[in-house]
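Numbering (the numbering used here), first residue to last: -5 to 370.
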């Protein structure tokens, strides 16, 4: 440590140090009022603290990335559903293969940025990896292995949104007429009447596919025409791994009114179901067990023709589209946005507002077109 006297009579103390992350010599300084032994001791303490922070070193012994990652997983297991944890672990496995044996103090923001940019990932997937890495290093910072989060200094390019992506996001649902056309196609060509019923059921109730998979006859009250959503499916690699679990969020617990058409669909489903489920499931694979979502998605895509239904070529039909289509239906019928969110169990209003706004804009445009044709 050395010091210099300043023009104002104060003293600036300096200390050179080896920066662990940047692997170069740097310098820290502090300005104090005098050069007494007590002040010099204080200056030394302050400078050592600054050096520790610059190097990202805390009192805890430095660990490898893999060791701390395993500690983080213990916490995540308590916080998220097993399916979410599996997704996160799958995404993080690649990172651990590259950085797992590195000491935490050796991890540079530049290395993390290079890792994220070197991969040929979509913008959405890269951003997801960034979120999980930030969560991991937030834990590292909180428990005291590092004093800062190296992900805070990672800069990723912003996504250039194309016009097609904007349109696809705005049009990620089917209108009433498009649903009608598609149901006609299923009636004429479809080979699975239970899946045909499921399509219309999802459209008329707005349930998530997982909620429909876990729906039980005991959840349905035909007298009040009300069904209770209180379960979803925890999927595994095999159907035998499937488990009934709690819904996605607290907002997902809800009661959903259904109309007379849904009553007809459910009675028709009872008639078609030859093997009664010992789990009391409403929608089954025909043998009393859970239906497989991938099988359902493959089925509905097989009979969907984008040109025939007048959708963009890049539009892909999935079970979740029927949920968005239900939001579109409610907006068209004049439901308030808060009523829609409550009915479909949305905790984040972003998706609801996006569809709601697009549908109401179309309704206004149609009204203006009708007005244009009026003449006296």
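Every residue, glycine too, gets a C-beta built ideally from N, C-alpha and C. What you are looking at is a predicted structure, and each value in this text was computed from that prediction instead of being measured.
Residue i - DSSP class collapsed to helix/strand/coil
{"i": "residue -4", "result": "strand"}
{"i": "residue 131", "result": "helix"}
{"i": "residue 256", "result": "helix"}
{"i": "residue 268", "result": "coil"}
{"i": "residue 115", "result": "coil"}
{"i": "residue 29", "result": "coil"}
{"i": "residue 312", "result": "coil"}
{"i": "residue 175", "result": "helix"}
{"i": "residue 277", "result": "coil"}
{"i": "residue 97", "result": "strand"}
{"i": "residue 58", "result": "strand"}
{"i": "residue 104", "result": "helix"}
{"i": "residue 306", "result": "coil"}
{"i": "residue 317", "result": "helix"}
{"i": "residue 291", "result": "helix"}
{"i": "residue 242", "result": "coil"}
{"i": "residue 350", "result": "helix"}
{"i": "residue 91", "result": "helix"}
{"i": "residue 152", "result": "coil"}
{"i": "residue 121", "result": "helix"}
{"i": "residue 67", "result": "helix"}
{"i": "residue 372", "result": "Residue 372 falls outside the range modelled here, since the chain spans only -5 to 370, and no answer is possible."}
{"i": "residue 204", "result": "helix"}
{"i": "residue 74", "result": "coil"}
{"i": "residue 53", "result": "Bear in mind that the predicted position of residue 53 carries a pLDDT of just 44, short of 50, making it unreliable; the figure below should be weighed with that in mind. In the structure shown, residue 53 sits in coil (DSSP, three-state: anything other than H, G, I, E or B)."}
{"i": "residue 138", "result": "coil"}
{"i": "residue 263", "result": "helix"}
{"i": "residue 84", "result": "helix"}
Residue i versus residue j: straight-line alpha-carbon distance, rounded
{"i": "residue 45", "j": "residue 60", "result": "26 Å"}
{"i": "residue 199", "j": "residue 108", "result": "46 Å"}
{"i": "residue 79", "j": "residue 246", "result": "20 Å"}
{"i": "residue 243", "j": "residue 353", "result": "26 Å"}
{"i": "residue 222", "j": "residue 212", "result": "9 Å"}
{"i": "residue -3", "j": "residue 47", "result": "21 Å"}
{"i": "residue 2", "j": "residue 99", "result": "39 Å"}
{"i": "residue 197", "j": "residue 145", "result": "41 Å"}
{"i": "residue 274", "j": "residue 267", "result": "12 Å"}
{"i": "residue 166", "j": "residue 284", "result": "27 Å"}
{"i": "residue 177", "j": "residue 231", "result": "31 Å"}
{"i": "residue 106", "j": "residue 128", "result": "11 Å"}
{"i": "residue 22", "j": "residue 40", "result": "10 Å"}
{"i": "residue 347", "j": "residue 331", "result": "7 Å"}
{"i": "residue 120", "j": "residue 126", "result": "10 Å"}
{"i": "residue 333", "j": "residue 133", "result": "38 Å"}
{"i": "residue 86", "j": "residue 143", "result": "17 Å"}
{"i": "residue 33", "j": "residue -5", "result": "13 Å"}
{"i": "residue 19", "j": "residue 42", "result": "15 Å"}
{"i": "residue 151", "j": "residue 131", "result": "21 Å"}
{"i": "residue 73", "j": "residue 329", "result": "35 Å"}
Bounding residues of the beta strand (DSSP E) (the contiguous stretch that carries residue i)
{"i": "residue 301", "result": "Counting along the chain, residue 301 falls outside any beta strand (DSSP E), and DSSP gives it neither H nor E."}
{"i": "residue 220", "result": "220 to 223"}
{"i": "residue 238", "result": "237 to 239"}
For residue i, the residue or residues it bridges with in DSSP
{"i": "residue 248", "result": "223"}
{"i": "residue 371", "result": "Residue coverage of the chain in this structure runs from -5 to 370, which leaves residue 371 outside it and unanswerable."}
{"i": "residue 7", "result": "-3, 24"}
{"i": "residue 210", "result": "275"}
{"i": "residue 285", "result": "DSSP lists no partner for residue 285."}
{"i": "residue 228", "result": "237"}
Residue from the options whose Cα sits closest to the Cα of residue i
{"i": "residue 113", "options": "97, 88, 102, 6", "result": "88"}
{"i": "residue 58", "options": "294, 344, 149, 97", "result": "97"}
{"i": "residue 188", "options": "259, 350, 212", "result": "259"}
{"i": "residue 234", "options": "286, 76, 63, 303", "result": "286"}
{"i": "residue 64", "options": "95, 75, 41", "result": "95"}
{"i": "residue 179", "options": "303, 102, 62", "result": "303"}
{"i": "residue 229", "options": "316, 339, 169, 205", "result": "205"}
{"i": "residue 337", "options": "219, 248, 39", "result": "248"}
{"i": "residue 225", "options": "239, 231, 319", "result": "239"}
{"i": "residue 194", "options": "32, 350, 315", "result": "315"}
{"i": "residue 208", "options": "272, 171, 172, 256", "result": "272"}
{"i": "residue 289", "options": "217, 203, 332", "result": "203"}
{"i": "residue 291", "options": "39, 7, 310, 32", "result": "310"}
{"i": "residue 111", "options": "137, 148, 102", "result": "148"}
{"i": "residue 172", "options": "19, 322, 345, 125", "result": "322"}
{"i": "residue 7", "options": "29, 305, 255, 18", "result": "29"}
{"i": "residue 280", "options": "115, 186, 317", "result": "186"}
{"i": "residue 215", "options": "252, 190, 329", "result": "252"}
{"i": "residue 174", "options": "218, 339, 319", "result": "319"}
{"i": "residue 170", "options": "33, 326, 217", "result": "326"}
{"i": "residue 140", "options": "151, 150, 101", "result": "101"}
Continuous alpha helix (DSSP H) stretch holding residue i: start and end
{"i": "residue 197", "result": "187 to 199"}
{"i": "residue 329", "result": "No alpha helix (DSSP H) contains residue 329, which DSSP labels as neither H nor E."}
Residue i CB to nearest heavy atom of the ligand FMN below 7 Å
{"i": "residue 239", "result": "The ligand FMN is not part of the structure shown, which contains no ligands of any sort."}
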